[in-house]
Amino acid sequence: DTAVSQTPKYLVTQMGNDKSIKCEQNLGHDTMYWYKQDSKKFLKIMFSYNNKELIINETVPNRFSPKSPDKAHLNLHINSLELGDSAVYFCASSQDSRGGTDTQYFGPGTRLTVL
Amino acid sequence: GNSVTQMEGPVTLSEEAFLTINCTYTATGYPSLFWYVQYPGEGLQLLLKATKADDKGSNKGFEATYRKETTSFHLEKGSVQVSDSAVYFCALSRQGAQKLVFGQGTRLTINP
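Protein sequences appear in the order of chains A and B. Converting from the first sequence to the numbering used here requires adding 87 to each position, the first position being numbered 1. Converting from the second sequence to the numbering used here requires adding 25 to each position, the first position being numbered 1.
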């Protein structure tokens with residue numbers, strides 16, 4: 088009964104390739120997010136979606152393109168991968184983020200390694 | 026801008042020791058404050074939260090009090106266990122911002 092799931096868990100690829108990470112939540116939440124965790128464990132928001140609508144795009148290169156086919160799914164597609172994209176990417180969801188009080192539930196993460 | 030600063034890690038303690046991990050924040054308005062924990066190889070889990078000044082969040086023996094006057098949300102536990110070894114993140118969320126702003130994380134290791 089995984090609440091927020093991501094696939095794949097590990098992703099190893101060459102520079103210049105295009106890859107996707109998928110995220111699904113079964114909590115019935117309206118808002119979903121992508122966060123990036125770098126090698127020093129620092130976490131930073133990349134995108135947030137509310138009911139399939141993009142709310143936040145936090146100065147992420149346009150090689151990163153999120154897509155939300157419905158409010159339970161938020162996928163992340165990355166074009167022309169670079170070494171600096173190596174990180175752990177976390178998907179999260181919350182019921183309604185506008186009030187600022189709701190708990191965000193995180194997926195297990197996808198460790199992306201670009202060679 | 027909004028930011029969160031946590032005490033530098035790593036922190037190493039013996040089992041049953043008292044734990045404090047300091048967290049201070051800068052934010053406009055009245056943010057909600059959170060502590061998340063990341064166990065090795067896993068995603069983040071909410072440990073506790075407080076949504077207004079003087080609120081105390083608590084869970085699994087951990088506590089933190091939202092102190093508006095000192096803009097702090099320090100995490101404490103009276104007696105730590107080996108199973109508490111993890112990375113702890115302090116975070117804030119503002120109304121309307123639709124994102125969490127995280128501190129840099131503090132790695133905690135508890136030795137038996």
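Note that the Cβ used here is the ideal one computed from N, Cα and C, for glycine as well.
Residue i at chain A interface by Cβ criterion, 8 Å
| i | result |
| --- | --- |
| residue 35/B | no |
| residue 74/B | yes |
| residue 67/B | yes |
| residue 86/B | no |
| residue 26/B | no |
| residue 78/B | no |
Residue range of the unbroken beta strand (DSSP E) whose run includes residue i
| i | result |
| --- | --- |
| residue 40/B | Unbroken run through residue 40/B: none, as it is neither H nor E. |
| residue 63/B | 57-63 |
| residue 132/B | 131-136 |
| residue 100/A | 97-100 |
Residues that residue i bridges to, as DSSP identifies them
| i | result |
| --- | --- |
| residue 111/A | 92/A, 160/A |
| residue 176/A | 123/A, 197/A |
| residue 49/B | 30/B, 97/B |
| residue 70/B | 62/B |
| residue 82/B | 89/B |
| residue 118/B | 57/B |
Nearest-angstrom Cα separation, counted from residue j out to residue i
| i | j | result |
| --- | --- | --- |
| residue 93/B | residue 52/B | 11 Å |
| residue 77/B | residue 140/A | 29 Å |
| residue 59/B | residue 173/A | 27 Å |
| residue 48/B | residue 175/A | 24 Å |
| residue 56/B | residue 187/A | 7 Å |
| residue 65/B | residue 112/B | 8 Å |
Beta carbon proximity, residue i to chain B, threshold 8 Å
| i | result |
| --- | --- |
| residue 113/A | no |
| residue 109/A | no |
| residue 151/A | no |
| residue 101/A | no |
| residue 162/A | no |
Mind pulling the beta strand (DSSP E) runs of 3 or more residues that sit fully within the segment 84-116 of chain B?
87-90, 100-102
Run through the segment 115-153 of chain A for me and flag every whole beta strand (DSSP E) of 3 or more residues, listed as ranges in chain order.
118-124, 130-137, 140-144
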